[in-house]
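In the UniProt record's numbering, the protein residues as written are 1 to 184.
Quick reminder that beta carbons are idealized off the backbone N, C-alpha and C, glycines included.
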(Lines of atoms letter the chains of each structure in order from A and count residues from 1; the text may use other names and numbers.)
(Lines give C-alpha, C1' and ligand atoms only; values in the text may rest on other atoms or scores of the structure.)
Protein backbone atom coordinates (compact mmCIF):
# COMPACT_ATOMS: atom_id res chain seq x y z
CA UNK A 1 0.00 0.00 0.00
CA UNK A 2 2.91 2.35 0.72
CA UNK A 3 4.13 1.86 -2.85
CA UNK A 4 0.68 2.80 -4.17
CA UNK A 5 0.71 6.01 -2.11
CA UNK A 6 4.17 6.85 -3.45
CA UNK A 7 2.98 6.38 -7.04
CA UNK A 8 -0.08 8.57 -6.44
CA UNK A 9 2.01 11.26 -4.73
CA UNK A 10 4.58 11.21 -7.54
CA UNK A 11 1.87 11.59 -10.21
CA UNK A 12 0.25 14.45 -8.29
CA UNK A 13 3.61 16.25 -7.84
CA UNK A 14 4.41 15.95 -11.56
CA UNK A 15 1.00 17.35 -12.50
CA UNK A 16 1.36 20.18 -9.96
CA UNK A 17 4.76 21.05 -11.41
CA UNK A 18 3.30 21.12 -14.92
CA UNK A 19 0.60 23.62 -13.92
CA UNK A 20 3.15 25.78 -12.07
CA UNK A 21 5.27 25.80 -15.22
CA UNK A 22 2.20 26.89 -17.20
CA UNK A 23 1.61 29.78 -14.81
CA UNK A 24 5.25 30.85 -15.21
CA UNK A 25 4.97 30.63 -19.01
CA UNK A 26 1.79 32.73 -18.92
CA UNK A 27 3.57 35.43 -16.90
CA UNK A 28 6.04 35.87 -19.75
CA UNK A 29 3.22 36.40 -22.27
CA UNK A 30 2.35 40.06 -22.03
CA UNK A 31 -1.26 41.10 -21.95
CA UNK A 32 -1.14 44.78 -22.88
CA UNK A 33 0.06 45.97 -19.47
CA UNK A 34 3.63 46.42 -18.30
CA UNK A 35 4.98 43.75 -15.97
CA UNK A 36 8.41 42.99 -14.51
CA UNK A 37 7.93 39.41 -15.75
CA UNK A 38 8.34 40.69 -19.33
CA UNK A 39 12.07 41.30 -18.80
CA UNK A 40 12.87 38.67 -16.17
CA UNK A 41 14.46 36.31 -18.71
CA UNK A 42 16.78 39.01 -20.16
CA UNK A 43 20.42 38.08 -19.56
CA UNK A 44 22.91 40.94 -19.21
CA UNK A 45 26.61 40.50 -20.01
CA UNK A 46 27.97 41.75 -16.66
CA UNK A 47 31.72 41.49 -16.02
CA UNK A 48 31.97 38.78 -18.67
CA UNK A 49 29.21 36.57 -17.28
CA UNK A 50 25.56 36.36 -18.42
CA UNK A 51 23.53 37.58 -15.44
CA UNK A 52 19.74 37.87 -15.02
CA UNK A 53 18.61 41.49 -15.26
CA UNK A 54 17.08 41.44 -11.78
CA UNK A 55 20.54 40.72 -10.32
CA UNK A 56 22.13 43.85 -11.82
CA UNK A 57 19.23 46.32 -11.57
CA UNK A 58 16.02 47.21 -9.82
CA UNK A 59 13.13 46.50 -12.19
CA UNK A 60 9.83 48.25 -11.44
CA UNK A 61 6.54 49.22 -13.09
CA UNK A 62 5.73 52.88 -12.33
CA UNK A 63 2.54 52.77 -14.43
CA UNK A 64 0.57 50.36 -16.65
CA UNK A 65 2.56 51.17 -19.81
CA UNK A 66 6.12 51.68 -18.48
CA UNK A 67 8.91 49.48 -17.12
CA UNK A 68 11.72 51.23 -15.26
CA UNK A 69 15.13 49.61 -14.89
CA UNK A 70 17.59 51.24 -12.50
CA UNK A 71 21.05 49.60 -12.52
CA UNK A 72 22.87 49.31 -9.21
CA UNK A 73 26.13 49.94 -11.07
CA UNK A 74 25.89 52.82 -13.57
CA UNK A 75 28.62 51.28 -15.73
CA UNK A 76 26.22 48.43 -16.56
CA UNK A 77 23.58 50.67 -18.15
CA UNK A 78 24.87 50.17 -21.72
CA UNK A 79 25.12 46.39 -21.23
CA UNK A 80 21.52 46.29 -19.96
CA UNK A 81 20.31 48.38 -22.89
CA UNK A 82 22.14 46.10 -25.35
CA UNK A 83 20.67 42.98 -23.68
CA UNK A 84 17.12 44.36 -23.97
CA UNK A 85 17.61 45.18 -27.66
CA UNK A 86 19.11 41.72 -28.35
CA UNK A 87 16.31 39.92 -26.47
CA UNK A 88 13.80 40.62 -29.29
CA UNK A 89 11.11 41.76 -26.86
CA UNK A 90 10.12 44.54 -29.22
CA UNK A 91 10.99 47.37 -26.81
CA UNK A 92 13.03 50.45 -27.67
CA UNK A 93 14.84 51.33 -24.43
CA UNK A 94 15.45 54.99 -23.63
CA UNK A 95 18.39 55.77 -21.38
CA UNK A 96 18.72 58.96 -19.33
CA UNK A 97 22.12 58.12 -17.83
CA UNK A 98 20.71 56.81 -14.55
CA UNK A 99 17.96 54.43 -15.56
CA UNK A 100 16.35 52.81 -18.57
CA UNK A 101 12.71 53.36 -19.45
CA UNK A 102 10.78 50.86 -21.58
CA UNK A 103 7.48 52.08 -22.99
CA UNK A 104 5.12 49.16 -23.54
CA UNK A 105 3.16 49.86 -26.72
CA UNK A 106 -0.52 48.91 -26.81
CA UNK A 107 -1.17 45.58 -28.50
CA UNK A 108 -2.63 45.42 -31.99
CA UNK A 109 -5.51 43.04 -32.69
CA UNK A 110 -3.18 40.85 -34.75
CA UNK A 111 -0.60 40.71 -31.94
CA UNK A 112 -3.33 39.85 -29.41
CA UNK A 113 -4.42 36.89 -31.54
CA UNK A 114 -0.79 35.81 -31.90
CA UNK A 115 -0.31 35.93 -28.10
CA UNK A 116 -3.57 34.05 -27.52
CA UNK A 117 -2.34 31.36 -29.91
CA UNK A 118 0.97 31.22 -28.02
CA UNK A 119 -0.92 30.82 -24.72
CA UNK A 120 -2.99 28.01 -26.24
CA UNK A 121 0.19 26.19 -27.33
CA UNK A 122 1.63 26.49 -23.79
CA UNK A 123 -1.61 25.09 -22.34
CA UNK A 124 -1.60 22.16 -24.80
CA UNK A 125 2.04 21.37 -23.92
CA UNK A 126 1.09 21.36 -20.25
CA UNK A 127 -1.80 18.97 -20.92
CA UNK A 128 0.64 16.65 -22.69
CA UNK A 129 2.92 16.79 -19.64
CA UNK A 130 -0.04 15.98 -17.36
CA UNK A 131 -0.98 13.01 -19.54
CA UNK A 132 2.63 11.82 -19.57
CA UNK A 133 2.62 11.91 -15.76
CA UNK A 134 -0.51 9.75 -15.86
CA UNK A 135 1.21 7.27 -18.22
CA UNK A 136 4.29 7.13 -15.97
CA UNK A 137 2.08 6.45 -12.94
CA UNK A 138 0.20 3.67 -14.76
CA UNK A 139 3.49 2.06 -15.86
CA UNK A 140 4.77 2.09 -12.28
CA UNK A 141 1.47 0.58 -11.15
CA UNK A 142 1.76 -2.29 -13.63
CA UNK A 143 5.27 -3.08 -12.35
CA UNK A 144 3.95 -3.78 -8.84
CA UNK A 145 3.51 -7.40 -7.88
CA UNK A 146 1.22 -8.96 -5.30
CA UNK A 147 -1.45 -6.27 -5.52
CA UNK A 148 -5.04 -7.28 -6.23
CA UNK A 149 -6.68 -6.21 -9.50
CA UNK A 150 -9.41 -4.34 -7.59
CA UNK A 151 -6.83 -2.20 -5.79
CA UNK A 152 -4.96 -1.54 -9.05
CA UNK A 153 -8.26 -0.54 -10.75
CA UNK A 154 -9.05 1.84 -7.89
CA UNK A 155 -5.63 3.51 -8.12
CA UNK A 156 -5.94 3.77 -11.93
CA UNK A 157 -9.27 5.56 -11.46
CA UNK A 158 -7.70 7.89 -8.91
CA UNK A 159 -4.84 8.71 -11.32
CA UNK A 160 -7.41 9.38 -14.07
CA UNK A 161 -9.28 11.66 -11.64
CA UNK A 162 -6.05 13.65 -11.07
CA UNK A 163 -5.53 13.86 -14.84
CA UNK A 164 -9.06 15.16 -15.46
CA UNK A 165 -8.70 17.70 -12.64
CA UNK A 166 -5.37 19.07 -13.91
CA UNK A 167 -6.45 19.17 -17.58
CA UNK A 168 -9.52 21.15 -16.50
CA UNK A 169 -7.25 23.44 -14.46
CA UNK A 170 -5.11 24.05 -17.57
CA UNK A 171 -8.23 24.97 -19.54
CA UNK A 172 -9.35 27.39 -16.82
CA UNK A 173 -5.91 29.07 -16.70
CA UNK A 174 -5.95 29.35 -20.50
CA UNK A 175 -9.43 30.86 -20.52
CA UNK A 176 -8.35 33.47 -17.95
CA UNK A 177 -5.15 34.32 -19.85
CA UNK A 178 -6.96 34.58 -23.21
CA UNK A 179 -9.51 36.96 -21.67
CA UNK A 180 -6.66 39.03 -20.22
CA UNK A 181 -4.87 39.14 -23.61
CA UNK A 182 -7.95 40.02 -25.66
CA UNK A 183 -9.11 42.73 -23.25
CA UNK A 184 -8.47 46.14 -24.85
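Would the C-beta of residue 154 count as close to the ligand PLP, meaning under 7 Å from any of its heavy atoms?
Looking for the ligand PLP in the displayed structure turns up nothing, as the structure carries no ligands at all.
Which same chain residues, not among the five before or five after residue 77, have their C-beta less than 7 Å away from its C-beta?
The residue labelled residue 77 in the question sits at position 77 within the chain shown. Cβ neighbours of residue 77 beyond the five flanking positions: 71, 95 and 100.
Check residue 70 in the structure and name its three-state DSSP category.
Here residue 70 is taken as the residue at index 70 of the chain shown, counted from 1. It is a strand residue.
With residue 128 and residue 84 assumed to form a contact (beta carbons below 8 Å), what rounded beta-carbon distance in angstroms separates them?
By one-based count along the chain shown, residue 128 stands at place 128. By one-based count along the chain shown, residue 84 stands at place 84. That belief does not hold up - the Cβ atoms of residue 128 and residue 84 are roughly 32 Å apart, past 8 Å.
Can we say the stretch 54-61 touches the stretch 16-27, given the rule of at least three CB pairs closer than 8 Å?
Contact check between the stretch 54-61 and the stretch 16-27: fewer than three CB pairs, one atom from each, fall below 8 Å, which does not count as touching.
Verify whether the separation of the beta carbon atoms of residue 7 and residue 149 is less than 8 Å.
By 1-based counting over the chain shown, the position of residue 7 is 7. By 1-based counting over the chain shown, the position of residue 149 is 149. In this structure, residue 7 keeps its C-beta atom at 8 Å or more from the C-beta atom of residue 149.
Residue 122 burial status per 10 Å Cβ neighbour count (16 or more: buried)
Here the question's residue 122 lines up with position 122 in the chain shown. When all chains shown are included, residue 122 counts as buried.
Could I get the ranges of all uninterrupted beta strand (DSSP E) runs contained in the UniProt domain "Ribosome recycling factor" (23-182), with 3 residues as the minimum, in chain order?
The UniProt domain "Ribosome recycling factor" (23-182) is shown to contain whole beta strand (DSSP E) runs of 3 or more residues at 43-46, 49-52, 57-63, 66-71 and 100-103, in chain order.
Evaluate residue 15 with the Cβ neighbour count: other Cβ atoms within 10 Å of its Cβ, from every protein chain shown; 16 or more gives buried, anything less gives exposed.
Residue numbering aside, residue 15 sits at position 15 when the chain shown is read from its first letter. Buried, since its Cβ has 16 or more Cβ neighbours within 10 Å.
Secondary structure at residue 15, three-state DSSP: helix, strand or coil?
Residue mapping note: residue 15 aligns to position 15 of the chain shown, counting from 1. Residue 15 falls in the helix class under three-state DSSP.
Can you tell me whether residue 62 is buried or exposed, with buried defined as 16 or more other CB within 10 angstroms of its CB?
Numbered from its first residue, the chain shown carries residue 62 at position 62. With fewer than 16 Cβ atoms within 10 Å of its Cβ, residue 62 is classed as exposed.
Just to confirm, are residue 178 and residue 119 a CB contact at a threshold of 8 Å?
For the purposes of this step, residue 178 is identified with residue 178 of the chain shown, where counting begins at 1. For the purposes of this step, residue 119 is identified with residue 119 of the chain shown, where counting begins at 1. Yes, these two residues count as a Cβ contact at 8 Å.
Residue 45 to residue 88, Cα distance in whole Å?
Along the chain shown, one-based indexing puts residue 45 at 45. Along the chain shown, one-based indexing puts residue 88 at 88. Whole-angstrom Cα-Cα distance: 16 Å.
Are residue 104 and residue 80 touching if we call contact CB-CB under 8 Å?
Here residue 104 is taken as the residue at index 104 of the chain shown, counted from 1. Here residue 80 is taken as the residue at index 80 of the chain shown, counted from 1. Result no, Cβ atoms of residue 104 and residue 80 do not sit closer than 8 Å.
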